[in-house]
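Novice:
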């Protein structure tokens, strides 16, 4: 972990060498307003890359059933 930090890897990404870095599955419920808010925050370039990737996948799925979102 310290090696990655010293080599300019962000702490969010460096933590994946630690033992608690394993995939997690979650189930969430949101209405349209909450989804739009999530997309506004998490599709931004400032969002952590994994969260951004997940948000774009969610956005594409939502657009399949609600193209105007």
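Residue numbers (my numbering): 81 to 149.
Every residue, glycine too, gets a C-beta built ideally from N, C-alpha and C.
Quick caveat: nothing in here was measured; it's all calculated off a predicted structure.
(1) Using the C-alpha atoms, what's the distance from residue 126 back to residue 138?
(2) What did DSSP end up calling residue 144 once you bin it into helix, strand or coil?
(3) Below 8 Å, can you find three or more Cβ-Cβ pairs linking the region 82-92 to the region 102-121?
(4) Between the alpha carbons of residue 117 and residue 135, how many angstroms are there, rounded?
(5) So what's residue 88 in DSSP terms, helix, strand or just coil?
(6) Considering only C-alpha positions, which residue in the set 149, 107, 131, 145 is nearest to residue 93?
Specialist: Once the coordinates are examined:
(1) What you label residue 138 is simply residue 58 of the chain shown in a count that begins at 1. What you label residue 126 is simply residue 46 of the chain shown in a count that begins at 1. Those two C-alpha atoms are separated by around 18 Å.
(2) If you number the chain shown from 1, residue 144 lands on position 64. The answer is helix: DSSP assigns residue 144 an H, G or I state.
(3) no
(4) Working through the chain shown from its first residue, we reach residue 117 at position 37. Working through the chain shown from its first residue, we reach residue 135 at position 55. Cα-Cα distance, rounded: 11 Å.
(5) Along the chain shown, read from residue 1 onward, the residue named residue 88 stands at position 8. In the structure shown, residue 88 sits in coil (DSSP, three-state: anything other than H, G, I, E or B).
(6) Here residue 93 refers to the residue found at position 13 of the chain shown. Among 149, 107, 131, 145, the Cα nearest to that of residue 93 belongs to 131.
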